[in-house]
Amino acid sequence: MLQHLQTPAEAGAELQTAEKVLCFMMPWPEPMIHWLPQPSTAPEYVSESIDWDSLPQELPNLTSLLYWPTTGEDRDDFLASTSPRTSTYCLKGPAHTTFTLGSNLEAILVARDHRGRAKLHGGDLFRAQLLGPELRAGVPGEVKDLENGTYLLSFPLLWAGWAQVQVRLIHSSEAVRVLQRVWREKRATVDFRGYFRGTDGPLETVICNVDPQSTGAKGPTCQYKDVVSGESWFCAQPSTLPCNALVGHSSGSYLKVTTSHDEALLAGNVTDQKLPSGVPPILVLPAAQGNMSNMALPSRPPCSPGHLSPKPSGFYYQDRWHSTFCSSRSFPTVDSILNCLAGRIVYMLGDSTLRQWWEYLRDTVPSLKPVDLHVTYQVGPLMAVETTRGTVLHWRAHSWPLRSLRTPVASLHSVARELHGLAGGPYTVVVLGIGAHFTTFPPSIFARRLVGIRAAVKALLDQEPSTLVIIKLANTGYKSVYGSDWLTLQVNRLLQAAFVGLRVAFVDAWEMTSTLDVPDNIHPRKLIVRNEVELFLSFICST
1 MLQHLQTPAE AGAELQTAEK VLCFMMPWPE PMIHWLPQPS TAPEYVSESI DWDSLPQELP
61 NLTSLLYWPT TGEDRDDFLA STSPRTSTYC LKGPAHTTFT LGSNLEAILV ARDHRGRAKL
121 HGGDLFRAQL LGPELRAGVP GEVKDLENGT YLLSFPLLWA GWAQVQVRLI HSSEAVRVLQ
181 RVWREKRATV DFRGYFRGTD GPLETVICNV DPQSTGAKGP TCQYKDVVSG ESWFCAQPST
241 LPCNALVGHS SGSYLKVTTS HDEALLAGNV TDQKLPSGVP PILVLPAAQG NMSNMALPSR
301 PPCSPGHLSP KPSGFYYQDR WHSTFCSSRS FPTVDSILNC LAGRIVYMLG DSTLRQWWEY
361 LRDTVPSLKP VDLHVTYQVG PLMAVETTRG TVLHWRAHSW PLRSLRTPVA SLHSVARELH
421 GLAGGPYTVV VLGIGAHFTT FPPSIFARRL VGIRAAVKAL LDQEPSTLVI IKLANTGYKS
481 VYGSDWLTLQ VNRLLQAAFV GLRVAFVDAW EMTSTLDVPD NIHPRKLIVR NEVELFLSFI
541 CST
């Protein structure tokens, strides 16, 4: 769960409380509009950094938004970094084994280095969960960084029965410092390939990227500008072919951006590791004798756009995600899904984690028939049609930067351009799922993309307010310098801030993929995808 960052005053008050706690621990051992590139020789490149204050008013103070606690001095002493084996946590206050449904459980975590010494600064990325294995239940805990090596953990008790606290160190503060440095200072950590073909058959392959320097070109570069979003893509100019001969695109290489010390801090034996258990299993009892309710869920309104979800946005119980802010529904039969989607045209625009929604519906509803459009499957467009209920599902990948197999450039459509071509209306549903392909670039690249998408979403909603727009947040999965969970958290902060003030709905895939005791995967298992899709359908059926 996203760690709560406090003011110094808040942290001081919490610290005074924390100092009173004693922990006795065991020793730690489509019809779509085609995006046509407009080539030109790129001018001399100006610094990629973006003037945050120049962004539209809807995206205020992004520098503050991306704040992360100080991670200490930059040292080459690996043993001074935070260790998942020596860091400890225990209950805050008197020890209890029974709690009341609807109350909170709080714990205190002390980060320690590999020598067992308490850390004196914050900045670690911990993930806290409360799990109910027998009930197939789980809820994300809140982690408050006091910026002094101490963290306060809080868990809402939302189901009756046995529960167990689990805490994982995703990244030490020292590893986070590496990620911060790479994310902000490197222009790109990956590159791409552009394929040029002449009219008489010659083919040239060059490096392409988000800015001219990252193409490695020693001479001129080709610039391709999206006429709607204003974003540009660059390729090294081929030696014998013109810029307008670009016909294909694919992934390229992962670039070397770390030292051996960096790699030790990001190694698997210290990344995404469980801390030794510091809290025994607890029993959660109903609030009143005779109360037969097994969950602490108040009356909630129908799922509708226009509201940011609280934290936590929901929890799992009996393998089903229960939203804490709206009355999410289950769709146990094919008919229940078809009744919800009847007459709807759904446009899913984004990455492969959103394509999983399209695939789930295709595989679950036999009468939803895919149409072979003879395209690269990784990129799309994909389309499925259910003729008896008048349902059409589209998915296509967002445009550059996109890590994919070789695909025609004509298939790469920017999200802003696609939205610009939609009429909207009460039967139009737009789902946006972007972020995973932007962790390999500085935050300015994603901020620029969001400026264009926000403007397109606002124009669509101004034109036809009955259009339903749903934003899927990026989910957990990657644990490397190219796509870490820490980077994904920053991407999600930008995503949520970009759409403040617009009547859109959010599906918090971050929490839905980080709440159960299952291995993280950028493409989560079917159980999680089903729950994401059911929340998406809950928004559709409530409008």
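For the sequence shown, the tail end lands on 543 under the UniProt record's numbering, and the numbers increase by one without skipping. Each residue gets a CB set at the ideal place from its N, CA and C atoms; glycine is no exception.
>> Between the alpha carbons of M512 and T221, how many angstroms are there, rounded?
In response: Taking the first residue of the sequence shown as position 1, residue 512 is located at position 512. Taking the first residue of the sequence shown as position 1, residue 221 is located at position 221. For M512 and T221, the gap between their C-alpha atoms comes out near 42 Å.
> So is P524 buried or exposed if we call it buried at 16+ other beta carbons inside 10 Å?
Replying inline: By 1-based counting over the sequence shown, the position of residue 524 is 524. With 16 or more Cβ atoms within 10 Å of its Cβ, P524 is classed as buried.
>> Closest to N294 by C-alpha separation, out of E147, G72, G132 and A128, would be which residue?
In response: Here residue 294 corresponds to residue number 294 of the sequence shown, with the count starting at 1. The option with the nearest alpha carbon to N294 is G132.
> For S172, does the count of other Cβ atoms within 10 angstroms reach 16, so buried, or fall short, so exposed?
Replying inline: Within the sequence shown, the letter at position 172 stands for residue 172. S172 is buried by the Cβ-count criterion.
>> With the cut-off set at 8 Å, would you say T515 and G138 are in Cβ contact?
In response: Start at 1 with the first residue of the sequence shown, and residue 515 comes out as number 515. Start at 1 with the first residue of the sequence shown, and residue 138 comes out as number 138. Using a Cβ distance threshold of 8 Å, T515 and G138 count as a contacting pair.
> Three-state secondary structure (DSSP) at N269?
Replying inline: Residue numbering aside, residue 269 sits at position 269 when the sequence shown is read from its first letter. In this structure, N269 counts as helix in the three-state DSSP scheme.
>> Can you look up H420 in the DSSP assignment and give me helix, strand or coil?
In response: Here residue 420 is taken as the residue at index 420 of the sequence shown, counted from 1. Three-state result, H420: helix.
> Assuming L527 contacts D319 under a Cβ cut-off of 8 Å, what Cβ separation, rounded to an integer in Å, is found between them?
Replying inline: On the sequence shown, position 527 is the one that residue 527 refers to. On the sequence shown, position 319 is the one that residue 319 refers to. Confirmed, about 6 Å.
> Can the beta-carbon of I471 be found closer than 8 Å to that of F499?
Replying inline: For the purposes of this step, residue 471 is taken as residue 471 along the sequence shown, with counting starting at 1. For the purposes of this step, residue 499 is taken as residue 499 along the sequence shown, with counting starting at 1. In contact: I471 and F499 (Cβ atoms closer than 8 Å).
> Near P310, what residues of its chain come up, given a Cβ to Cβ distance below 8 Å and the 5 sequence neighbours on each side ignored?
Replying inline: Residue mapping note: residue 310 aligns to position 310 of the sequence shown, counting from 1. A distance below 8 Å between beta-carbons, with the five flanking residues on each side excluded, links P310 to the following residues of its chain, in chain order: T324 and F325.
> In chain order, what residues of the same chain lie with their CB nearer than 8 Å to the CB of M32, ignoring the 5 residues before and after it?
Replying inline: As a first step, residue 32 must be located in the sequence shown, where it is residue number 32. For M32, the predicted structure reports a pLDDT of 30, less than 50, and the residue's modelled location is therefore unreliable. The matter cannot be settled from this model.
> Can the beta-carbon of F315 be found closer than 8 Å to that of E534?
Replying inline: For the purposes of this step, residue 315 is taken as the residue at position 315 of the sequence shown. For the purposes of this step, residue 534 is taken as the residue at position 534 of the sequence shown. Note that the C-beta distance between F315 and E534 is not below 8 Å.
> Can you list, in chain order, the residues of its chain whose CB lies under 6 Å from that of K92, leaving out five sequence neighbours each side?
Replying inline: As a first step, residue 92 is located in the sequence shown; it is residue number 92 there, counting from the start. Cβ neighbours of K92 beyond the five flanking positions: V21, E106, A107 and I108.
> What does C208 pair with, by DSSP beta-bridge criteria?
Replying inline: Residue mapping note: residue 208 aligns to position 208 of the sequence shown, counting from 1. Its beta-bridge partners are F192 and C235.
> From which residue to which residue does the beta strand (DSSP E) around L157 run?
Replying inline: The residue you call residue 157 lines up with position 157 of the sequence shown. No beta strand (DSSP E) contains L157, which DSSP labels as neither H nor E.
> Where does R403 land, buried or exposed, given buried means 16+ other C-beta within 10 angstroms?
Replying inline: Mapped onto the sequence shown, residue 403 falls at position 403. Classification for R403: buried.
>> For V409 and V210, which I take to be in contact (beta-carbon distance under 8 Å), what is that distance rounded to the nearest angstrom?
In response: The count along the sequence shown starts at 1 and reaches residue 409 at position 409. The count along the sequence shown starts at 1 and reaches residue 210 at position 210. Contact doesn't hold; Cβ gap of about 16 Å is too wide.
> So, L285 versus T467, is the Cβ gap smaller than 8 Å?
Replying inline: Residue numbering aside, residue 285 sits at position 285 when the sequence shown is read from its first letter. Residue numbering aside, residue 467 sits at position 467 when the sequence shown is read from its first letter. No, the Cβ-Cβ distance between L285 and T467 is not below 8 Å.
>> Once DSSP output is grouped into helix, strand and coil, what is the label at W334?
In response: As a working note, residue 334 is residue 334 in the sequence shown. Strictly speaking, residue 334 in this sequence is Val, with Trp absent from that position. Helix, per DSSP.
>> Do G452 and L354 count as a contact pair if the criterion is CB distance below 8 Å?
In response: Counted from its first residue, the sequence shown places residue 354 at position 354. Counted from its first residue, the sequence shown places residue 452 at position 452. The answer is no: Cβ separation not under 8 Å.
> Just reading off the alpha helix (DSSP H) that V491 is part of, what are its end residues?
Replying inline: For this step, residue 491 is matched to residue 491 along the sequence shown. Counting along the chain, the alpha helix (DSSP H) containing V491 begins and ends at D485 to A498.
> So the beta strand (DSSP E) E134 belongs to, where does it begin and stop?
Replying inline: Your numbering for residue 134 matches position 134 in the sequence shown. That residue, E134, is in no beta strand (DSSP E); it is neither H nor E in DSSP.
> How long is the line joining the alpha carbons of S480 and V257, rounded to whole angstroms?
Replying inline: Indexing the sequence shown from 1 puts residue 480 at position 480. Indexing the sequence shown from 1 puts residue 257 at position 257. Roughly 11 Å between the two C-alpha positions.
> Considering only C-alpha positions, which residue in the set V167, G122, A188 and L373 is nearest to P140?
Replying inline: The sequence position of residue 140 within the sequence shown is 140, counting from 1. Closest by alpha carbon: V167.
>> For F536 and N492, what's the separation of their Cα atoms in angstroms?
In response: Walking along the sequence shown from the start, residue 536 turns up at place 536. Walking along the sequence shown from the start, residue 492 turns up at place 492. Cα to Cα, F536 sits roughly 18 Å from N492.
> Is DSSP giving I522 helix, strand or coil here?
Replying inline: Working through the sequence shown from its first residue, we reach residue 522 at position 522. Looking at I522 - three-state DSSP - the assignment turns out to be coil, as it is neither helix nor strand.
> Helix or strand or just coil, what does DSSP make of W28?
Replying inline: For the purposes of this step, residue 28 is identified with residue 28 of the sequence shown, where counting begins at 1. At W28, the pLDDT of 35 sits below 50, so the modelled position is not reliable; the number obtained from the coordinates is stated separately. W28 falls in the coil class under three-state DSSP.
> Rounded to a whole number of angstroms, what is the C-alpha to C-alpha distance between L338 and V365?
Replying inline: Counting from one through the sequence shown, the residue named residue 338 turns up at place 338. Counting from one through the sequence shown, the residue named residue 365 turns up at place 365. The alpha-carbon atoms of L338 and V365 are separated by roughly 8 Å.
>> One question on the structure: do E174 and T71 come within less than 8 Å of each other, judged by their Cβ atoms?
In response: One-based indexing of the sequence shown puts residue 174 at position 174. One-based indexing of the sequence shown puts residue 71 at position 71. In this structure, T71 lies closer than 8 Å to E174 by Cβ.
> Would V176 pass as a contact of W486 if the rule is Cβ separation under 8 Å?
Replying inline: Reading the sequence shown from its first residue, position 176 is the one you call residue 176. Reading the sequence shown from its first residue, position 486 is the one you call residue 486. Cβ distance < 8 Å, so V176 and W486 count as in contact.
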